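Student: The sequence shown finishes on residue 66 if you use the UniProt record's numbering, and the numbering steps up by one all the way, no holes. C-beta atoms are modelled at their ideal positions from N, C-alpha and C, and glycine is treated no differently. If you're wondering where the values come from, they're calculated on a predicted model, not measured in any experiment.
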Amino acid sequence: MLLAGAFILWEWINDEGGWTPYETRTSILLEHSYQARQGTAGLEPHGYNYIVDLTSLTQVNKASGY
1 MLLAGAFILW
11 EWINDEGGWT
21 PYETRTSILL
31 EHSYQARQGT
41 AGLEPHGYNY
51 IVDLTSLTQV
61 NKASGY
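#1: Grab me the residues of tryptophan 10's own chain with a C-beta within less than 6 Å of its C-beta, minus the 5 sequence neighbours each way, in chain order.
#2: Count the other CB atoms, across all protein chains shown, that sit within 10 Å of the CB of glutamine 59; report buried if there are 16 or more and exposed otherwise.
#3: When you compare only the Cα positions, how much space is there between alanine 41 and glycine 18?
#4: What are the residues that DSSP puts in a beta bridge with tyrosine 22?
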C-alpha cells in the first residue's frame, strides 16, 4: 500500500543501457493500468507512439515494432 500522495515511478532502459524515468503522469497511467491487471497500456494519449506490455514489462514502438 502506498502512502497518500506517494506514487511509483516507472522507468525504461535507454539506448546507453541506463534507466530513464517516465514522466510523472505516464508513470501514474502505467501503475493504474498495471494495478487494474490490464495486459497493455498505450502511451499515445501522452504523445508517445509506444505500447507497454504489462505482463512482460516491455515497451514497443508501434511504428518500428521494436
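Tutor: Once the coordinates are examined:
#1: Against the sequence shown, residue 10 aligns to sequence position 10. Only Tyr22, Ser27 and Leu30 meet the Cβ criterion.
#2: For the purposes of this step, residue 59 is identified with residue 59 of the sequence shown, where counting begins at 1. Counting the other Cβ atoms within 10 Å of the Cβ of glutamine 59 gives 16 or more, which makes it buried.
#3: As a first step, residue 41 is located in the sequence shown; it is residue number 41 there, counting from the start. As a first step, residue 18 is located in the sequence shown; it is residue number 18 there, counting from the start. The straight-line gap from Cα to Cα measures roughly 22 Å.
#4: In the sequence shown, counting from the first residue as 1, residue 22 sits at position 22. Residue pairing by DSSP leaves tyrosine 22 without any beta bridge partner.
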